[in-house]
């Protein structure tokens, strides 16, 4: 969150809510990161704000790491958004969704909907530069996806059973 949008400040409760973690745990971690110089802390009235410390010697590496992991979903979602009305579901699957992808490894994206595969590929190609990794889309019509799932197609079965990073739809 903080290194995904380094130009923006966030207050404690906002960070805790986004992380889905209790205030105490977030407060302790933010204090550690601030003490290490990774974050900056600003007080305005009764609010305490935190933001990425752009003067930190490892700022660039941390920002890039966030873009290649956590920020990835936002970039892919944005790339697919013009097609959203025609997409039933879109998600990242495979090693990246499992948290095991190496830096620069490809982002495997499944798009289920009434969309042209060339349009999807074009939209996601623009996102590749922003996330710093190639994007490998599979585009299927909903009926084809259901049919392959029913037939026990190995790839579809593995995708259904595995972890996913949801981008659009259900």
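Numbering (our numbering), first residue to last: 79 to 248. Even for Gly, the Cβ is constructed at its ideal location relative to N, Cα and C.
Please report the residue range of the beta strand (DSSP E) in which residue 103 lies. Where residue 103 is concerned, there is no enclosing beta strand (DSSP E), although the alpha helix (DSSP H) it sits in stretches over 101–113.
Three-state secondary structure (DSSP) at residue 214? strand
Residue 226 versus residue 219 - alpha carbon distance: 11 Å
Exposed or buried, residue 191, counting other C-beta atoms within 10 Å across all chains shown (16 or more means buried)? buried
Decide if the stretch 101–116 is in contact with the stretch 128–140; the criterion is three or more beta carbon pairs, one per stretch, under 8 Å apart. yes
For residue 125, does the three-state DSSP call read helix, strand or coil? strand
Quick check on the DSSP output: the alpha helix (DSSP H) that includes residue 133 runs from which residue to which? Here residue 133 belongs to no alpha helix (DSSP H), and DSSP marks it neither H nor E.
Of the residues 89, 186, 174, 105, which one's Cα is nearest the Cα of residue 125? 89
Is the beta carbon of residue 245 less than 8 Å from the beta carbon of residue 164? no
With 16 other CB atoms within 10 Å as the buried threshold, where does residue 212 fall? exposed
Go ahead and label residue 186 buried or exposed: buried means 16 or more other beta carbons lie within 10 angstroms of its beta carbon, across all protein chains shown. buried
Using the DSSP secondary-structure output, state which residues sit across from residue 169 in a beta bridge. 188, 244
Expressed to the nearest angstrom, what Euclidean distance is found between the alpha-carbon atoms of residue 200 and residue 112? 41 Å
On the three-state DSSP scale, how would you describe residue 202? helix
Is the separation between the beta-carbon of residue 158 and that of residue 168 shorter than 8 Å? yes
If you count every other CB in all the chains shown that lies within 10 Å of the CB of residue 101, and 16 or more means buried, which is it? exposed
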